[in-house]
Structure formats: structure tokens, C-alpha cells
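**Q** Mind looking over this structure? Questions follow.
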Amino acid sequence: MSDIPNPVATFIVGEIRRARGRSGMTQEAFGRSAGFSASHVSAVEGGTRALTSDFIRGADRALNNGGLFERLATKLGAPSWFLPWLDAERSATQLRYFEPNLIPGLLQVEHYARAVLRTVDSLTDDEVEQRVKGRMDRQAILTSERPPQFVAVLDEAALRRTGDDLGGIMAQQIAHLIALTELPHVHVHVHVIPLGSGLHVGLSGPFALARSAEGVWVGHLENQLGGDVVDKDDDVATLQARWESVRNEALPRRQSINLLKEVESHHGPQ
394 MSDIPNPVAT FIVGEIRRAR GRSGMTQEAF GRSAGFSASH VSAVEGGTRA
444 LTSDFIRGAD RALNNGGLFE RLATKLGAPS WFLPWLDAER SATQLRYFEP
494 NLIPGLLQVE HYARAVLRTV DSLTDDEVEQ RVKGRMDRQA ILTSERPPQF
544 VAVLDEAALR RTGDDLGGIM AQQIAHLIAL TELPHVHVHV HVIPLGSGLH
594 VGLSGPFALA RSAEGVWVGH LENQLGGDVV DKDDDVATLQ ARWESVRNEA
644 LPRRQSINLL KEVESHHGPQ
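Using the numbering used here, you'd call the opening residue of the sequence shown number 394 and step up by one each time.
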């Protein structure tokens, strides 16, 4: 997974604003062509409203530039398939993540994120560092003024992963998980499915769910080639049912934290 860092979003907004100015379009005229109100355009350009994939595509339509800004977002920050999920994630009031193999990106420490991204051998060192920065920036939603309620269910196998590329990193990563769960102003809950649980439906793959302020849920599925946002009612209902299943397999909060501490000590010093 790759992420669009905040500096990239700021850069793209600036380029959209300059292109609008060069075209001689007012915010109102631009908004009509892009599908947004003048006040929405003003808020995005002023930095008080988040840049979204819908806005980027609307800007490309309004300026008739052949999809330039969407390609720019893809090249500098995130692939186009991931932008809709970033939109949902940034505005969510509740987030649910299930991961059988890895720590979710929003909970990763920098060294762990770098080790994960380096497994993609098509990425250059500069691209890895850019995406690590983007992932760290993305985590700002957890400590924002109104953070979402974040619940993660992890398989114990993901916590016990070892290897030369993870030397000392896993202890740091697990300590970070424990610290997040104990911060009073951060609404993060981590539940662990113990190895003794055996087979369960979540082993088919990771997924995530986001609930908007309007109460609408959407899901996200990742695979080796990209990912998909799930918004059809039946599909979202299926993911919600699977969420309940994996959540019921997991230990309660306090027992999960105790297991995290035990696994942290197993990995040794940070």
C-alpha cells in the first residue's frame, strides 16, 4: 500500500489553484464545471477542507487536462485505486481493521513500515522513503482534535513474526501498540486472536471498514495488485458479519494488552 502525504496534497491543491487562475475561471465557474460549490472550492484551496479523489477528478474535468492531477496524485503519493479509501478514512468517525499477517498501516512505527515497504522490490529507496513519510503523515487522524474510534483485530501470528529484517523492530512496534491503547485522548483499541484459536474466517485476508459522520459504512479490501473500496449494501453487510466473527475470536481488551506485553518481552530489547 502507498499513501498520499500531506505535503503532496498541499502541492496538488496549489497546482489546481494556479491552473484555475491561468484559465481565468472564478471559483464559482470552476466549481460548476467540477461539480462543487464555490464555498467548497474556496475551502479546499484555503486548506480548511481535505483534498479528495472526487475533487481531483472534478478539477481534471473542469480544466479539461486529460486527467493530469489524478496522474500527479498517483505518481507522487497514492495510486488512484487507494484515493477513495483515503477519503473514507480521513472523514471516518469509526474505523475497523482486521489484519492476519501485518500491523495495520495506521498503527505502524516508521522502522516497521519501512521494512514492510522494502518487501516490494519494484520500489526504489526514494519511493520507499516517500511512502514511509506518507504513512506516518496519515496517522495524524488518530491524534486529531476529534479522532475516530479505531478498533483493530490482529492475529497473534502477525505479532510473533521474526527475521533478520525485523531485528529489534517488532519489540518497538508492539510497545507502540501498547502505548496507543493506553493514551487517554486516543481512541485506539487492539484485540488479538490467539494462535490457539486455530482456523477462522479472517484468515481469508485483511479488510477494513469505515463509518462516516452520516452513518454510512464502506469497506476496503487489498490484494497483490491493488485494492477495492466496497460500498454495495450486501458486500458491506458481509464484511460487517465477518468483522463480528473475527472480533468474537479475539481476546478482550485487557487480556489482549497482557498478550501484547508477553510477546514484546519475547522479542527482546528494542
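Where is the CB? At the ideal position from N, CA and C, for every residue including glycine. Source: prediction; values computed, not measured.
(1) Among residues of its own chain, excluding the 5 on either side of Val437, which ones have a beta-carbon nearer than 7 Å to its beta-carbon?
(2) Counting beta carbon pairs with one atom in the stretch 560–572 and one in the stretch 520–540, are three or more of them shorter than 8 Å?
(3) Rounded to the nearest angstrom, what separates Ser605 and Asp621 at their Cα positions?
(4) Beta strand (DSSP E) containing Leu644: first to last residue?
(5) Note the first and the last residue of the continuous beta strand (DSSP E) segment covering Glu448.
(6) Could you check if Ala545 is buried or exposed, using at least 16 other CB atoms within 10 Å of its CB as the buried criterion?
(7) Provide the residue(s) that pair with Val583 in DSSP beta bridges, ordered along the chain.
(8) How about the stretch 594–602 and the stretch 645–654: do they share at least three Cβ pairs that are nearer than 8 Å?
(9) Check whether the Cβ atoms of Arg450 and Gly460 sit closer than 9 Å, and answer yes or no.
(10) Can you tell me where the alpha helix (DSSP H) with Ala422 in it begins and where it stops?
(11) When the Cα atoms are used, what is the spatial distance from Val502 to Gln633?
(12) Is Pro541 near Ala485, with beta carbons less than 9 Å apart?
(13) Touching or not, the stretch 516–524 and the stretch 549–556, by the rule of three or more beta carbon pairs under 8 Å?
(14) Counting C-beta neighbours from all protein chains within 10 Å, is the total for Thr441 16 or more, i.e. buried, or is it exposed?
(15) Identify whether Phe491 lies in helix, strand or coil by the three-state DSSP scheme.
(16) Would you decide whether Gln523 is buried or exposed? Buried here means 16 or more other CB atoms lie within 10 Å of its CB.
(17) Leaving out the 5 sequence neighbours to the left and right, which residues in its chain are closer than 8 Å to His584 when beta-carbon positions are compared?
(18) Which value, in whole angstroms, describes the spacing of the CA atoms of Arg483 and Gly424?
(19) Apply the 10 Å Cβ neighbour rule to Leu510 and answer buried if 16 or more other Cβ atoms are within range, or exposed otherwise.
(20) For Asn457, which option in Thr536, Ile409, Asp514 has the closest C-alpha, if you only look at C-alpha atoms?
(21) Give me the Cα-Cα distance between His659 and Tyr505, rounded to the nearest whole angstrom.
(22) In the DSSP output, what is Arg604 paired with across the bridge?
(23) Measuring only the C-alpha atoms, how far is Ser395 from Leu499?
(24) Quick one: Cα of Arg507 to Cα of Leu576, how far?
(25) Tell me, which residues are paired with Asn616 by DSSP?
(26) If I measure Cβ to Cβ from Lys654 and keep anything under 6 Å in the same chain, skipping five residues before and after, which residues do I get?
(27) If contacts are defined as beta-carbon pairs under 8 Å, then Val579 and Leu573 qualify, I think. What distance do you get, rounded to the angstrom?
(28) Consult DSSP for Lys654 and reduce its assignment to one of helix, strand or coil.
**A** To lay it out plainly:
(1) The sequence position of residue 437 within the sequence shown is 44, counting from 1. Counting only Cβ-Cβ distances below 7 Å, and skipping sequence neighbours, we find Val406, Leu444, Phe448.
(2) no
(3) Here residue 605 is taken as the residue at index 212 of the sequence shown, counted from 1. Here residue 621 is taken as the residue at index 228 of the sequence shown, counted from 1. Answer to the nearest angstrom: the Cα atoms are 18 Å apart.
(4) Numbered from its first residue, the sequence shown carries residue 644 at position 251. First-last for Leu644: undefined, no H or E at that position.
(5) The sequence position of residue 448 within the sequence shown is 55, counting from 1. Looking at the sequence shown, residue 448 is not Glu but Phe. That residue, Phe448, is in no beta strand (DSSP E); its alpha helix (DSSP H) goes 446–456.
(6) The count along the sequence shown starts at 1 and reaches residue 545 at position 152. Buried, since its Cβ has 16 or more Cβ neighbours within 10 Å.
(7) In the sequence shown, residue 583 corresponds to position 190, counting from 1. DSSP lists Ala545 as partners of Val583.
(8) no
(9) The sequence position of residue 450 within the sequence shown is 57, counting from 1. The sequence position of residue 460 within the sequence shown is 67, counting from 1. Yes. Within cutoff.
(10) Walking along the sequence shown from the start, residue 422 turns up at place 29. Segment 420–427, the alpha helix (DSSP H) holding Ala422.
(11) One-based indexing of the sequence shown puts residue 502 at position 109. One-based indexing of the sequence shown puts residue 633 at position 240. Spanning the two alpha carbons is a distance of roughly 28 Å.
(12) In the sequence shown, residue 541 corresponds to position 148, counting from 1. In the sequence shown, residue 485 corresponds to position 92, counting from 1. Yes; because the gap between Cβ atoms is below 9 Å, this pair is in contact.
(13) no
(14) Taking the first residue of the sequence shown as position 1, residue 441 is located at position 48. Under this definition Thr441 is an exposed residue.
(15) For the purposes of this step, residue 491 is taken as residue 98 along the sequence shown, with counting starting at 1. Of the three classes helix, strand and coil, the one that applies to Phe491 here is strand, per DSSP.
(16) Residue 523 sits at position 130 when you count from the first residue of the sequence shown. Its Cβ being crowded by 16 or more others within 10 Å, Gln523 is buried.
(17) As a position in the sequence shown, residue 584 is number 191, starting the count at 1. Excluding positions up to five away in sequence, the list reads Val544, Ala545, Val546, Leu547, Arg640, Ala643, Leu644, Pro645, Arg646, Ser649.
(18) Counting from 1 along the sequence shown, the entry for residue 483 is found at position 90. Counting from 1 along the sequence shown, the entry for residue 424 is found at position 31. Arg483 and Gly424: Cα-Cα distance of roughly 22 Å.
(19) Looking up residue 510 in the sequence shown gives position 117. Leu510 is buried by the Cβ-count criterion.
(20) In the sequence shown, the residue the question calls residue 457 occupies position 64. Of the listed residues, the one whose Cα sits closest to Asn457 is Ile409.
(21) Along the sequence shown, one-based indexing puts residue 659 at 266. Along the sequence shown, one-based indexing puts residue 505 at 112. About 17 Å.
(22) Position 211 of the sequence shown, counting from 1, holds the residue named residue 604. Answer is Gln487, Trp610.
(23) Taking the sequence shown and counting its residues from 1, the one referred to as residue 395 is at position 2. Taking the sequence shown and counting its residues from 1, the one referred to as residue 499 is at position 106. Low local confidence applies: a pLDDT of 39 at Ser395 is under 50, so the model's placement there is unreliable, and no value is given.
(24) As a position in the sequence shown, residue 507 is number 114, starting the count at 1. As a position in the sequence shown, residue 576 is number 183, starting the count at 1. Cα to Cα, the separation comes out at about 25 Å.
(25) Here residue 616 is taken as the residue at index 223 of the sequence shown, counted from 1. Gly619.
(26) Working through the sequence shown from its first residue, we reach residue 654 at position 261. Same-chain partners within the cutoff: there are none.
(27) Position 186 of the sequence shown, counted from the first residue, corresponds to residue 579. Position 180 of the sequence shown, counted from the first residue, corresponds to residue 573. 6 Å between Cβ atoms; contact.
(28) The residue labelled residue 654 in the question sits at position 261 within the sequence shown. Looking at Lys654 - three-state DSSP - the assignment turns out to be helix.
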